[in-house]
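Let me begin by presenting the structure, written as structure tokens, before commenting on it.
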Amino acid sequence: MKYEVLLGGKTRVVELMRDAEKWRVSLDGKPIDADAIEVAANTFSVLIEGESWEVRVAPKPDGTLVLHTGIAEFVAQVEDPRTWRGRRHGAMEAEGRQQITAPMPGKVVRVLANPGDTVEAGQGLLVVEAMKMQNEIRSPKNGKVEKILVKEGQAVNAGEILAWVD
Amino acid sequence: MKYEVLLGGKTRVVELMRDAEKWRVSLDGKPIDADAIEVAANTFSVLIEGESWEVRVAPKPDGTLVLHTGIAEFVAQVEDPRTWRGRRHGAMEAEGRQQITAPMPGKVVRVLANPGDTVEAGQGLLVVEAMKMQNEIRSPKNGKVEKILVKEGQAVNAGEILAWVD
Amino acid sequence: MFRKILIANRGEIAVRIIRACRELGIKSVVVFSDVDRNSLHVRLADEAYPIGPAPSRESYLCLDKLMTVAKRAGCDALHPGYGFLAENPALPRACTDTSLTFIGPSAEAMEALGSKTAGRSLARGVDVPIVPGTNDPIENLEEARALAQRMGYPVLLKAVAGGGGKGMRLVSADAEFESAFRDASSEAMNAFGNASVFLEKYLEKPRHIEIQILADAHGRVVSLGERECSVQRRHQKVIEEAPSPIMTPELRKRMGDAAVRIARAGGYVNAGTVEFLVDTHYDYYFLEVNTRLQVEHPVTEQVTGLDLVKLQIAIAAGHRLPFAWESITPRGHAMEVRLYAEDPENNFFPSPGKILSRRAPSGPGIRLDEGVYSGWTVPMDYDPLLAKLIAWGNSREETIARLRRALEEYTVTGIKTNTALFRRILAEPDFLRSEIHTKWLDEMLKRPHAAPDTDSHAADAAAIAAALWQVTHDSAPTSERTEQDSRWKLDGRNRQLDRMP
Amino acid sequence: MFRKILIANRGEIAVRIIRACRELGIKSVVVFSDVDRNSLHVRLADEAYPIGPAPSRESYLCLDKLMTVAKRAGCDALHPGYGFLAENPALPRACTDTSLTFIGPSAEAMEALGSKTAGRSLARGVDVPIVPGTNDPIENLEEARALAQRMGYPVLLKAVAGGGGKGMRLVSADAEFESAFRDASSEAMNAFGNASVFLEKYLEKPRHIEIQILADAHGRVVSLGERECSVQRRHQKVIEEAPSPIMTPELRKRMGDAAVRIARAGGYVNAGTVEFLVDTHYDYYFLEVNTRLQVEHPVTEQVTGLDLVKLQIAIAAGHRLPFAWESITPRGHAMEVRLYAEDPENNFFPSPGKILSRRAPSGPGIRLDEGVYSGWTVPMDYDPLLAKLIAWGNSREETIARLRRALEEYTVTGIKTNTALFRRILAEPDFLRSEIHTKWLDEMLKRPHAAPDTDSHAADAAAIAAALWQVTHDSAPTSERTEQDSRWKLDGRNRQLDRMP
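Chains as they are written, first to last, in the numbering used here: chain A, 533 to 698; chain B, 533 to 698; chain C, 71 to 571; chain D, 71 to 571.
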């Protein structure tokens with residue numbers, strides 16, 4: 533199986549070939565001495581030329597993957613060239629019309645902006661309370677608040693759309 | 533669902549009724565204030581009248597269950613009266629023709645008895661090596677060795693029949 | 071000694087108290103809300119009783135429900151842990167009414183010392199310096215604002231009943247005063263059921279150093295030395311250590327004596343903590359008394375070898391502190407980090423959810439006080455504290471090396487944790503030299519940090535893992551659907567069977 | 071200091087050494103056999119290289135493969151752990167030939183002290199009493215049997231190269247001699263690649279007490295005090311503690327001096343252990359020297375605060391032991407239990423297999439040195455040691471209470487462990503009074519123990535859990551089949567896709 537992995541602004545081509553219980557790996561067209569295995573849920577042990585890396589994978593609601601290895605954290609987007617699902621770069625840039633989603637389940641305790649308001653990048657739009665902390669949800673860009681979809685006191689789920697900024 | 537549980541020589545009737553995410557429990561015909569839940573693989577948290585018990589279940593190859601709770605270890609056999617699979621008491625008694633099985637995967641390093649030998653309960657029949665230890669497999673009863681099914685040097689799996697004693 | 075103790079708490083601190091009870095041969099009784107049936111404290115306790123719906127005001131904060139459970143289970147004492155009702159004088163009062171021994175100070179001592187404003191007057195009375203500010207809760211917004219203007223910004227708004235940085239706001243300018251006051255009050259109300267806040271001058275670059283005290287019912291009060299907790303994010307401690315790298319025997323003696331004077335003046339009995347700010351001239355200012363066990367108590371336990379929870383229980387049972395403890399000599403250095411379910415890369419948003427897998431660190435010098443396990447769902451309703459990781463070493467350097475090593479071993483998937491934050495802090499030269507203060511971390515977090523190198527083997531490994539994850543999950547829709555199908559079938563079957571006699 | 075260390079081992083001890091390396095900022099390199107690709111030491115190390123098939127003689131015992139890995143990875147030192155090649159003088163020799171520093175004694179010191187028969191002559195030379203027996207390996211079975219008859223049964227057959235109770239047999243009567251000799255030899259051959267055994271008089275009710283020593287390359291040899299390891303099953307230690315409950319300062323001084331004399335006489339450098347038997351008159355007899363790190367080294371670490379592995383590395387790098395260490399004062403009491411994958415209810419049969427779930431104990435005073443994790447399959451090819459659980463407390467009583475508490479927290483499903491054995495031992499009055507000896511546990515295990523009460527809530531809970539387990543698994547055949555189906559489909563798809571360019 534062949535994948536394009538957009539990682540830190542760079543596209544890597546990863547080809548995985550099943551070899552008995554292991555996977556043989558080719559990276560950017562070159563076979564490499566690597567051996568990868570899932571040792572626990574979303575936890576991969578990768579040996580590259582003897583170096584032992586452990587990578588933890590956290591999928592985000594927008595389809596990107598957050599990868600932790602050692603002290604490094606990468607954000608990646610994986611595409612399968614055969615299926616050609618079309619690229620979803622939107623999540624990685626703050627251009628165009630932006631949807632503001634709840635990063636965690638919680639309760640909206642304050643709405644700080646109204647539809648039609650002009651807001652700056654970083655300006656607070658709403659406050660969501662979760663785990664006894666009040667968390668300000670901020671605008672990802674300079675623009676205008678198009679819509680606020682929730683009310684004060686309303687419970688929201690992770691990934692639920694709270695507002696649109698254009 | 534109703535089960536008969538033969539536990540430590542006593543038959544208990546356990547009835548489980550699903551109540552949303554929990555199970556309501558009736559024991560020996562009487563509903564009791566109990567709440568049971570699987571918190572991890574083969575690990576059950578059982579609250580009985582406020583007492584918190586944690587029970588670990590280990591199924592044995594002969595179909596019985598070994599149950600650990602606190603410092604107590606019980607062996608149980610569960611039967612579903614509706615299916616009436618027939619009772620398998622053989623595994624819990626040392627009467628009649630006995631099959632001798634390997635308790636773990638390993639290698640037969642010595643055969644200590646020959647077919648036709650008269651053996652006493654507790655007498656060694658074979659030695660199986662596993663995890664760098666030599667483990668003597670003993671006769672469960674006084675009787676005669678009917679058959680030895682393995683040879684020195686042979687690898688065996690857990691539960692594999694090694695011999696018969698009658 | 072007690073026979074059965076009710077633990078009026080949840081999470082890691084409930085587990086910590088269960089452990090002490092078990093080691094003393096005392097039965098432990100816990101309570102749980104609807105979302106906590108599977109929690110570790112319920113699994114580990116001797117007895118566990120439901121106490122209502124998820125919101126704490128309908129469960130863990132319900133005094134009457136706690137008393138009902140205590141009576142039903144036949145408890146003879148109650149340990150409040152920290153947070154929830156731990157600093158509410160109504161709890162010791164209710165205990166007295168129910169003939170339960172409260173493991174903590176009396177309601178009167180709590181009122182005399184626990185309220186931040188009362189504590190300040192008391193400290194002044196025994197000649198302990200205090201930070202300038204109001205001595206009473208703010209009743210009139212405009213008067214408070216005027217006072218803030220006279221003292222000069224920045225000022226701090228703090229919950230009278232508070233702790234753990236909740237209900238606290240730093241105000242840097244007059245324009246922010248009103249909204250900060252509203253936020254602090256509402257957070258204080260949610261967290262402690264008391265909206266009162268007061269005002270304090272904010273010192274520049276102070277260090278937070280606190281003294282752990284123990285007082286028995288026979289008049290003996292001892293200091294177990296200090297902890298430094300200057301690494302804070304938004305006024306919330308995230309790293310604590312003992313001894314403080316700036317401490318001298320002479321300063322320790324003076325601060326310890328001040329703490330003991332305050333405790334005596336308040337008629338304090340049991341374990342408590344006297345918090346100070348220490349400025350760049352090594353002058354100290356009394357801040358407040360925490361009339362309960364602290365989150366960071368393990369740091370003191372690791373250097374003194376004492377078990378503070380067992381000592382709390384012994385004191386409540388009327389035992390005397392042996393004289394020898396006054397001359398306790400700490401050994402080595404201890405440091406604690408607070409592991410939260412939150413995402414340091416995304417504005418520290420809370421990250422509740424199911425823990426898919428987990429590897430806990432262990433080995434020499436490592437202690438982990440945890441309230442979670444693999445497969446458990448971290449509820450969204452409570453504090454995001456998952457665990458406290460504590461390292462001990464012969465020197466501060468060895469302790470930091472062990473903590474770093476243990477953080478590399480600690481992995482969790484399914485939820486986000488703040489381990490990456492600690493890896494970053496523990497590599498900062500300022501921190502290693504201990505040139506820190508209470509705003510240091512907030513300043514550090516404003517500095518951009520280098521993006522990870524994409525030309526590294528780490529990046530190669532990440533790319534491979536990402537592709538491998540995709541292989542597994544490209545096929546997931548099929549198997550998930552199948553699993554759901556068979557679960558549906560099973561449910562159907564169960565319903566059918568339940569109808570049978 | 072070293073840059074990169076090859077760890078020639080696996081399991082918990084490999085993990086222990088990785089931790090020390092990481093804390094010192096040294097890269098760790100490990101090796102793994104075919105069944106160890108997923109093992110914890112491979113996950114945690116900086117580098118990991120395959121070394122052959124599962125059987126140790128084709129992997130972990132292959133000197134040439136180890137040297138190849140060391141060269142390939144650019145290691146400058148090698149730590150052998152315990153077991154495998156740790157006491158084989160060929161290993162330090164091969165290291166010298168490969169310009170690797172061996173972290174342990176020289177081959178000459180190993181030969182002078184490590185061989186049990188050579189160690190005995192050396193001890194005699196420095197006036198340390200020894201247990202009567204042969205000084206050379208048995209070559210002639212009949213002569214050895216005649217000597218055994220003269221000394222009087224019981225006698226002990228012991229592997230010359232041995233350790234850990236392997237290749238050891240107690241012979242109580244003449245008729246057993248031949249088969250015991252054969253068993254001991256073959257076990258010794260399998261475990262150490264050396265079939266030689268020797269003969270020793272078996273003392274009645276002796277206690278096993280050993281002295282930990284450290285020796286630097288500059289002539290300093292110090293004793294870190296004793297560990298008592300009298301609780302043994304079939305000559306294998308299962309519980310170790312420090313200090314020994316029977317120790318007096320005077321006896322400690324005499325035994326420590328004897329251990330230092332033996333180490334000096336053998337030109338010993340690095341960490342080592344001198345083992346003694348102590349009889350009911352408090353007379354001690356030299357048993358053997360273990361020329362390596364011991365399994366039970368954490369017990370000494372917990373009471374002294376020292377990190378023995380880091381000290382081993384520092385000594386190998388040529389550092390001096392600071393004089394202050396000779397005056398080390400231990401604090402409190404430490405006790406270790408060895409958790410094995412074996413079934414105490416079924417003749418202690420080994421129990422390899424997949425760990426389905428696991429809960430590790432933690433909290434105050436608890437240390438866990440582990441080589442396993444949930445989801446990992448314990449291979450059948452190696453030692454069944456899963457973990458070492460170590461408790462520390464201010465007194466022996468507090469330590470035992472903590473150990474008991476931690477054992478209740480430690481749960482594993484999927485494989486059997488011997489935790490129930492420890493719960494039983496830690497409740498035995500003899501053990502609590504420390505009236506024990508090296509045969510005490512074997513005798514205890516012969517006594518019947520009470521069947522659990524079936525009229526208890528524990529039995530009710532067990533019955534309910536059994537029924538609930540059955541509910542889940544009655545429906546399992548369906549879902550397992552479905553899962554297999556979809557896995558089969560996935561495989562087919564993968565094969566198909568692999569054919570694509």
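Here a beta-carbon is modelled for each residue, glycine too, at the ideal position from N, C-alpha and C. Note that the structure is a prediction, hence the values are computed from the model and not measured.
Could you tell me whether the Cβ of alanine 572 of chain A comes closer than 8 Å to any Cβ of chain D?
-> Within the first sequence, the letter at position 40 stands for residue 572 of chain A. It does; some Cβ of chain D falls within 8 Å.
Nonlocal neighbours in the same chain, by C-beta distance under 8 Å from lysine 542 of chain B, ignoring five residues either side = To locate residue 542 of chain B, count along the second sequence from 1; it is residue 10. Nothing listed; no residue qualifies.
Indicate the three-state DSSP secondary structure (helix, strand or coil) for isoleucine 121 of chain C in the structure shown.
-> The residue given as residue 121 of chain C occupies position 51 in the third sequence. Three-state result, isoleucine 121 of chain C: coil.
Are the C-beta atoms of asparagine 79 of chain D and some chain A residue less than 8 Å apart?
-> One-based indexing of the fourth sequence puts residue 79 of chain D at position 9. It does not: the Cβ of asparagine 79 of chain D has no partner Cβ on chain A nearer than 8 Å.
Which stretch, first to last residue, makes up the alpha helix (DSSP H) that contains leucine 538 of chain C?
-> Walking along the third sequence from the start, residue 538 of chain C turns up at place 468. That run of the alpha helix (DSSP H) goes 527-544.
Give the single residue among C:Asp377, C:Ala243, C:Val201, C:Ala258 whose Cα lies nearest to the Cα of glutamine 219 of chain C.
-> Here residue 219 of chain C is taken as the residue at index 149 of the third sequence, counted from 1. Among C:Asp377, C:Ala243, C:Val201, C:Ala258, the Cα nearest to that of glutamine 219 of chain C belongs to C:Ala243.
How many Å lie between aspartate 327 of chain C and alanine 118 of chain C at the Cα?
-> Reading the third sequence from its first residue, position 257 is the one you call residue 327 of chain C. Reading the third sequence from its first residue, position 48 is the one you call residue 118 of chain C. C-alpha separation (whole angstroms): 42 Å.
Return helix, strand or coil for serine 293 of chain D, following the three-state DSSP convention.
-> Taking the first residue of the fourth sequence as position 1, residue 293 of chain D is located at position 223. Here serine 293 of chain D sits in strand by DSSP.
Mind checking if glutamate 513 of chain C is an interface residue toward chain A, Cβ cutoff 8 Å exclusive?
-> Locating residue 513 of chain C in the third sequence gives position 443, counting from the first residue. No, because no Cβ of chain A sits closer than 8 Å to the Cβ of glutamate 513 of chain C.
Measure the Cβ-Cβ separation of isoleucine 495 of chain C and serine 421 of chain C and say whether it is below 8 Å.
-> In the third sequence, residue 495 of chain C corresponds to position 425, counting from 1. In the third sequence, residue 421 of chain C corresponds to position 351, counting from 1. Not closer than 8 Å, so no.
When the Cα atoms are used, what is the spatial distance from arginine 437 of chain D to proline 434 of chain C?
-> The residue labelled residue 437 of chain D in the question sits at position 367 within the fourth sequence. The residue labelled residue 434 of chain C in the question sits at position 364 within the third sequence. Computed Cα separation, rounded: 7 Å.
Could you spell out where the alpha helix (DSSP H) holding arginine 494 of chain D opens and where it closes?
-> Against the fourth sequence, residue 494 of chain D aligns to sequence position 424. Note, arginine 494 of chain D: alpha helix (DSSP H), 489-495.
Would you tell me roughly how many angstroms separate the C-alpha atoms of tryptophan 594 of chain C and serine 185 of chain D, rounded to the nearest one?
-> Nothing about residue 594 of chain C can be reported from this structure: the residues present for chain C run from 71 to 571 only.
So, using beta-carbon positions, are isoleucine 77 of chain C and serine 98 of chain C closer together than 8 Å?
-> Stepping through the third sequence from its first residue, residue 77 of chain C is reached at position 7. Stepping through the third sequence from its first residue, residue 98 of chain C is reached at position 28. Closer than 8 Å, so yes.
Are any of the Cβ atoms in chain C nearer than 8 Å to that of methionine 549 of chain A?
-> Numbered from 1 along the first sequence, position 17 holds the residue referred to as residue 549 of chain A. By this cut-off, methionine 549 of chain A is not an interface position.
Determine the direct distance from the alpha carbon of alanine 532 of chain D to that of alanine 572 of chain B, and round the result to whole angstroms.
-> Here the question's residue 572 of chain B lines up with position 40 in the second sequence. Here the question's residue 532 of chain D lines up with position 462 in the fourth sequence. Using only the alpha carbons, I get a separation of about 16 Å.
Any contact of the segment 663-679 of chain A with the segment 551-567 of chain B, i.e. 3+ C-beta pairs under 8 Å?
-> no
Does the beta carbon of arginine 107 of chain C come closer than 8 Å to any beta carbon on chain B?
-> Taking the first residue of the third sequence as 1, we reach residue 107 of chain C at position 37. Yes, because at least one Cβ of chain B sits closer than 8 Å to the Cβ of arginine 107 of chain C.
Relative to the C-alpha of phenylalanine 172 of chain C, which residue among C:Ala497, C:Val339, C:Asp377, C:Ile506 is closest?
-> Indexing the third sequence from 1 puts residue 172 of chain C at position 102. Out of C:Ala497, C:Val339, C:Asp377, C:Ile506, C:Val339 has the C-alpha closest to the C-alpha of phenylalanine 172 of chain C.
Min CB distance aspartate 63 of chain D to chain A below 8 Å | It is not possible to answer for residue 63 of chain D, since the shown part of chain D is limited to 71 through 571.
Take every Cβ of the segment 182-201 of chain D, pair it with every Cβ of the segment 331-338 of chain D, and state whether three or more of those distances are shorter than 8 Å.
-> yes
What three-state label does DSSP hand glycine 326 of chain D in the structure shown?
-> Counting from 1 along the fourth sequence, the entry for residue 326 of chain D is found at position 256. Three-state result, glycine 326 of chain D: helix.
Among A:Ser671, A:Val677, A:Val660, A:Gln630, the one whose alpha carbon lies nearest that of aspartate 703 of chain A | In the structure displayed, chain A extends from 533 to 698; residue 703 of chain A sits before or after that span and is not available.
Please confirm if threonine 601 of chain A has its CB atom under 8 Å from at least one CB of chain C.
-> For the purposes of this step, residue 601 of chain A is taken as the residue at position 69 of the first sequence. So, interface residue.
Provide the residue span of the beta strand (DSSP E) that contains valine 660 of chain A, from first to last.
-> As a first step, residue 660 of chain A must be located in the first sequence, where it is residue number 128. 656-662 is the extent of the beta strand (DSSP E) around valine 660 of chain A.
Select from D:Asn416, D:Ser103, D:Thr318, D:Trp446 the residue whose C-alpha is nearest the C-alpha of arginine 428 of chain D.
-> Numbered from its first residue, the fourth sequence carries residue 428 of chain D at position 358. When each option's Cα is compared against that of arginine 428 of chain D, the closest is D:Trp446.
Of the residues D:Ala261, D:Ile283, D:Lys271, D:Phe346, which one's Cα is nearest the Cα of serine 300 of chain D?
-> Along the fourth sequence, read from residue 1 onward, the residue named residue 300 of chain D stands at position 230. Out of D:Ala261, D:Ile283, D:Lys271, D:Phe346, D:Phe346 has the C-alpha closest to the C-alpha of serine 300 of chain D.
DSSP puts isoleucine 88 of chain D in a beta bridge; with which residues?
-> Mapped onto the fourth sequence, residue 88 of chain D falls at position 18. DSSP, once it has assigned bridges, lists no residue as partnering isoleucine 88 of chain D.
Consider the Cβ of valine 112 of chain C: report whether some Cβ of chain B lies at a distance smaller than 8 Å.
-> Here the question's residue 112 of chain C lines up with position 42 in the third sequence. Chain B contact via Cβ: present.
Touch check for the segment 580-598 of chain A and the segment 509-524 of chain C: three-plus C-beta pairs under 8 Å?
-> no
Proline 499 of chain D, DSSP secondary structure in three states | Start at 1 with the first residue of the fourth sequence, and residue 499 of chain D comes out as number 429. In the structure shown, proline 499 of chain D sits in a helix (DSSP, three-state: H, G or I).
Could you tell me if tyrosine 352 of chain D is buried or exposed, where buried requires 16 or more neighbouring beta carbons within 10 angstroms of its beta carbon?
-> Counted from its first residue, the fourth sequence places residue 352 of chain D at position 282. With fewer than 16 other Cβ atoms within 10 Å, it is exposed.
Under a Cβ-count criterion, where at least 16 other Cβ atoms within 10 Å of its own Cβ denotes burial, should histidine 621 of chain A be classed as buried or exposed?
-> On the first sequence, position 89 is the one that residue 621 of chain A refers to. Here histidine 621 of chain A scores only 41 on pLDDT, less than 50, and its place in the model is too uncertain to base an answer on.
Among the residues of its own chain, which have a CB less than 8 Å from the CB of alanine 287 of chain D, if the five just before and after it don't count?
-> Here residue 287 of chain D refers to the residue found at position 217 of the fourth sequence. Contacts found: Val339, Ile385, Gly388.
Is it buried or exposed for aspartate 377 of chain C, if we count other Cβ within 10 angstroms and need 16 for buried?
-> Taking the first residue of the third sequence as 1, we reach residue 377 of chain C at position 307. Buried.
Beta-bridge partners of arginine 239 of chain D, as assigned by DSSP | Your numbering for residue 239 of chain D matches position 169 in the fourth sequence. D:Leu227, per the DSSP bridge assignment.
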